[in-house]
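Before any comments, here is the structure.
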Amino acid sequence: DFFYACFSLQPSEKCGVLNVTKITEHGKKVRKNWTSSWTVLQGFTLLFAKGQGGGTSWFGGSQSKPEFTVDLRGGSVEWASKDKSSKKHVIELKTRQGTELLIQSENDGVITDWYRALQDTISTHAWE
Ligand code: I3S
71 DFFYACFSLQ PSEKCGVLNV TKITEHGKKV RKNWTSSWTV LQGFTLLFAK
121 GQGGGTSWFG GSQSKPEFTV DLRGGSVEWA SKDKSSKKHV IELKTRQGTE
171 LLIQSENDGV ITDWYRALQD TISTHAWE
């Protein structure tokens, strides 16, 4: 399940808690809703599950399904411009399906690692 996934990752894969919000869905702007989410990068997929504090306990095993998943194939990643968010260390992720997400961490080392990992995953084009 989702929990187990964190302990069985390949070197190119990552797991951690990040702040996430969608800003566009299927090409349409949606209202921001910043949420602390467990985030797993596995293959060409980014999976999100609600973190602690949401009522469900991660360690209780109740969170076995991701809340949403993002297909990274054909997507793009860049540092978000200031007009996208007032927060620091924000990544803007765009998918080929027209979903845009902002991904943020207060820790610049953490977010830089994620930026590299996402960039590496997308730039391999290994799915082609
Ligand atoms: O881009 P915006 O609209 O200034 O984003 C802020 C709002 O979504 C705000 O919520 P409401 O306006 O729905 O109450 C959030 O609390 C802020 O965090 C959003 O801005 P940042 O700059 O934090 O991404």
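Going by our numbering, the residue at position 52 of the sequence shown is 122; the numbering climbs one at a time, nothing skipped. The C-beta atom is built at its ideal place from N, Cα and C for all residues, glycine as well.
Original post:
Are there 16 or more other CB atoms within 10 angstroms of the CB of Asn213, so buried, or fewer, so exposed?
Top reply: As displayed, the chain neither begins before 71 nor continues past 198, which places residue 213 out of reach and without an answer.
Original post:
Roughly how many angstroms lie between the CA atoms of Gly97 and Glu83, to the nearest whole one?
Top reply: Along the sequence shown, read from residue 1 onward, the residue named residue 97 stands at position 27. Along the sequence shown, read from residue 1 onward, the residue named residue 83 stands at position 13. Their backbone Cα atoms lie some 28 Å apart in a straight line.
Original post:
Of all residues in the structure, which have a C-beta closer than 6 Å to any heavy atom of the ligand I3S, taken in chain order?
Top reply: Arg101, Lys102, Trp104, Ser155, Ser156 and Lys157
Subject >> Beta-carbon gap between Ile173 and Leu142 smaller than 8 Å >> reply: Position 103 of the sequence shown holds residue 173. Position 72 of the sequence shown holds residue 142. No.
Original post:
Does DSSP classify Ser107 as helix, strand or coil?
Top reply: Taking the sequence shown and counting its residues from 1, one reaches residue 107 at position 37. In the structure shown, Ser107 sits in a strand (DSSP, three-state: E or B).
Original post:
In terms of residue numbering, what span does the beta strand (DSSP E) encompassing Val140 cover?
Top reply: Position 70 of the sequence shown, counted from the first residue, corresponds to residue 140. Unbroken beta strand (DSSP E) run through Val140: Phe138 to Asp141.
**OP:** Could you please give me the residues that DSSP links to Ala119 through a beta bridge?
**Re:** Translated into positions along the sequence shown, residue 119 becomes position 49. DSSP links Ala119 through a beta bridge to Trp108.
Subject >> Cα-Cα separation, Gly145 to Leu79 >> reply: Residue 145 sits at position 75 when you count from the first residue of the sequence shown. Residue 79 sits at position 9 when you count from the first residue of the sequence shown. The straight-line gap from Cα to Cα measures roughly 22 Å.
Original post:
Taking C-alpha atoms, which residue in Gly113, Arg101, Lys102 and Thr91 lies nearest to Ala119?
Top reply: In the sequence shown, counting from the first residue as 1, residue 119 sits at position 49. The shortest C-alpha separation from Ala119 is found at Thr91.
Subject >> Where His195 falls, given that 16 or more other Cβ within 10 Å makes a residue buried >> reply: Start at 1 with the first residue of the sequence shown, and residue 195 comes out as number 125. Looking at its Cβ environment, which holds fewer than 16 other Cβ atoms inside 10 Å, His195 is exposed.
Original post:
Among Asp190, Asp178, Thr115 and Val140, which has the Cα closest to the Cα of Val170?
Top reply: By one-based count along the sequence shown, residue 170 stands at place 100. The residue asked about is misnamed: residue 170 is Glu in this sequence, not Val. The shortest C-alpha separation from Glu170 is found at Val140.
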